[in-house]
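Here the structure comes first, spelled out in structure tokens, and everything after it is commentary.
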Amino acid sequence: MDAERFGETAEGEAVHRTRLSGGGLTACVLTYGGVLQDLRLEGHDAPLVLGFDTFEPYLTKSPYFGAIPGRCANRIGNARFTIDGKRYHTDPNFLGKHTLHGGSKGTGKRLWRIGEQGSDFVTLHITDPDGWMGFPGNLEISCTYRLKAAGTLELEYEATTDQPTLCNLAHHSYFNLDDGGTGNILDHRLVINAAAYLPVDSDLIPTGGVEPVDGTPFDFRQARPVRQDEGAGQFVYDHNFCLSADREPLKQAAWAQGAVSGVEMEVWTTEPGVQFYAGHKVSPGVPGHGGRMYGANAGFCLEAQGWPDAVNRPYFPSAVLRPGETYRQVTQYRFRLP
């Protein structure tokens, strides 16, 4: 399916949108940031993800709506790390001292190239050059969006490098299974198949501990609402849940259900972690899909990925990619009507 022009960057580069259809889903994917701009399920009126109907807000108002952040998703403490005895300093774009999502011009904020495409899939490519945002090595990345039978959106990533580097890719859609973001997701029911999580400090950097979820607000092993009021307002969720000690064959990581619609979503992944963000900071200040004004907790993220700041925690699953190796990730979002 041919891509249509959707807008242009501040530098005047064209941004294209590809429409996909299959398995009861329709999706729109942008070359900017690899963004999933829209996602619809046949039989459900509202969009499943937060986003904008025009391109301009993606440049300045989007908290990574639908993007593919990289080359290292999530946070790197103090914007520095060491590989093979060599120290690297990366773009401190988070609080002026840490690196978030690969830096201010990571893959979620750059143009990707369209490769192969069909009615139900598109493959995007991007080159992250040696030294870009402070990371070593020329990293060649591809991501294939594919719509499959039974309401499945699949993302398949591959990456190779010519120097030892970091590679940790993720998908950053904000989901709302009820009304597309008119209201909030606090009454959505959620399961996360993790017995442990990573506690964080006041800067949201992992402390280095791995703590059991048992007896804490992080225990989602049985279905319960996202809503968790500790007396001072909604509990803030922006944490990695530990699924495994390494990349594994495809497994179910999470399940969610809209409280009103009954629409269900399963998350399946090969990754050792999933970042659950309940969207407490969502407030773009401009209309989203269909004129919706998104507010706090309008959508939630379940970002399958490696554990954050792993390069600075030698006992976390490694995020280092070396020449001759191929990074591979498969993550699926499976939707169904009640």
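Numbering (the working numbering), first residue to last: 5 to 342.
Ideal placement from N, C-alpha and C gives every residue a C-beta, glycine not left out.
Residues near G200 in its chain [Cβ-Cβ closer than 8 Å; skip 5 each side]
Checking the sequence shown, residue 200 turns out to be Ala, not Gly. Answer for A200: V214, E215, P216, V217, F245 and C246, listed in chain order.
Secondary structure at M297, three-state DSSP: helix, strand or coil?
coil
A249 versus Y298, V278 and E144, residue with shortest Cα-Cα distance
V278
What is the DSSP secondary structure of W136, counted as helix, strand or coil?
helix
Going by alpha carbons, who is nearest to F98 out of R79, G89, Q41 and G112?
R79
If T111 and L325 are in contact, beta carbons under 8 Å, what's the gap, nearest whole angstrom?
Actually they do not touch by this definition, with Cβ atoms about 14 Å apart.
Unbroken alpha helix (DSSP H) run spanning E60, endpoints
E60 to T64
Quick check: what's the CA-CA separation for I189 versus D183?
9 Å
Nearest to T86 by alpha carbon, out of V334, F224, A323 and R340?
A323
Find out if the Cβ-Cβ distance for the pair D233, L208 is shorter than 7 Å.
no
Going by beta carbon distance, what residues of the same chain come within less than 6 Å of G28, once the five residues before and after it are set aside?
E46 and G155
Could you check if T148 belongs to the surroundings of the ligand HEM, using beta carbon to heavy atom distance under 6 Å?
The model on display carries no ligand, and the ligand HEM is accordingly not part of it.
According to the neighbour-count rule (16 or more other Cβ atoms, all chains shown, within 10 Å of its Cβ), is D205 buried or exposed?
exposed
Can you tell me which of the three DSSP states N82 falls into?
helix
So does the segment 139-152 actually touch the segment 12-27, counting three or more Cβ pairs closer than 8 Å?
yes
Identity of the residue in G89, H105, D49 and P67 nearest A83 by Cα:
H105
Would A163 pass as an interface residue toward chain C - the criterion being a Cβ-Cβ separation below 7 Å?
Looking for chain C here will not work: only one protein chain is present.
Taking the straight line between their C-alpha atoms, what separation do you get for V33 and Q41?
6 Å
Cα-Cα separation, G38 to I72
In a straight line, the C-alpha of G38 is about 6 Å away from that of I72.
Can you tell me the Cβ-Cβ gap for H129 and R117, rounded? I've got them flagged as a contact below 8 Å.
5 Å
So, helix, strand or coil for N316, using DSSP?
helix
What's the call for Y319, buried or exposed, on a 16-neighbour Cβ count within 10 Å?
exposed
Mind checking who T335 pairs with in its DSSP beta bridge?
L159 and T273
Reducing DSSP to helix, strand and coil, say where T30 ends up.
strand
Which value, in whole angstroms, describes the spacing of the CA atoms of S146 and T220?
38 Å
Compare the C-alpha of R340 against each of A18, K65 and V267 and name the closest.
V267
Restricting to runs no shorter than 3 residues, where is the beta strand (DSSP E) found entirely within the segment 154-208?
156-165 and 193-196
Can you grab the Cα-Cα spacing for the pair H93 / G138, in whole Å?
6 Å
Where does L254 land, buried or exposed, given buried means 16+ other C-beta within 10 angstroms?
exposed
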